Amino acid sequence: MKVHECIDGRLRQFIEAQHVFFVATAPLAADGHVNVSPKGMGGTFTVVDEHTVAYLDLTGSGAETIAHLRENGRVTLMFCAFEGPPNIVRLHGRGRHIGAGDREFASYRGLFAEHPGVRAVVVVDV
């Protein structure tokens, strides 16, 4: 497994070209379970800078990811190539949920196109 210090241009290009990605979180409790959610509606993910990514949290999905982020912040995002050469990129980081009532919401929300049902922005420091 190759480890990168940051999201460089090549990684960014690959990540942004993927149509779907997966978000995995888990609670701290030993009897808890891992939650993996597919994401990928166009225009709902962005690379903010070489150490930060963000995606829109839309209504219609459960809130288990958000519950785990509030508890411990641990998150992994996985991008895999479905076309071209095989490639998988995992971003391990600390995530936070920024709801519509939070001060930071407007600045992060402005990074994305309009989408119905936006309930929050999830920001991940990698």
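In the numbering used here, the protein residues as written are 9 to 134. Where is the CB? At the ideal position from N, CA and C, for every residue including glycine. Keep in mind the model is a prediction, meaning the values are calculated, not measured.
With distance defined between alpha-carbon atoms, name the residue in the options nearest to residue i.
i    : options                  : result
A108 : G101, H100, G118 and M86 : G118
G101 : T60, G48 and M49         : T60
A62  : A89, E24 and P124        : E24
E13  : H27, K47 and D57         : D57
F113 : A128, C88 and A75        : A128
Output needed for residue i: all residues of its chain with C-beta closer than 7 Å, excluding positions within five of it in sequence on either side, in chain order.
i    : result
F120 : G51, T52, T54 and L64
D133 : H59, T60, G101 and R102
On the CB-based measure, 16 or more other CB atoms within 10 Å of its CB, does residue i come out buried or exposed?
i   : result
A37 : exposed
V42 : exposed
Apart from the five residues on each side of it in sequence, which residues of its chain come closer than 8 Å, Cβ to Cβ, to residue i?
i   : result
L77 : T33, V83, G103, R104, H105 and V130
To the nearest whole angstrom, what separates the beta carbons of residue i and residue j, a pair I think is in contact under 8 Å?
i   : j    : result
F22 : V126 : That belief does not hold up - the Cβ atoms of F22 and V126 are roughly 26 Å apart, past 8 Å.
List the residues that DSSP assigns as beta-bridge partners of residue i.
i    : result
H100 : T84
Return the chain-ordered list of same chain residues with a C-beta closer than 6 Å to the C-beta of residue i, the five sequence neighbours on each side being excluded.
i   : result
F87 : I23, Q26, F29 and V97
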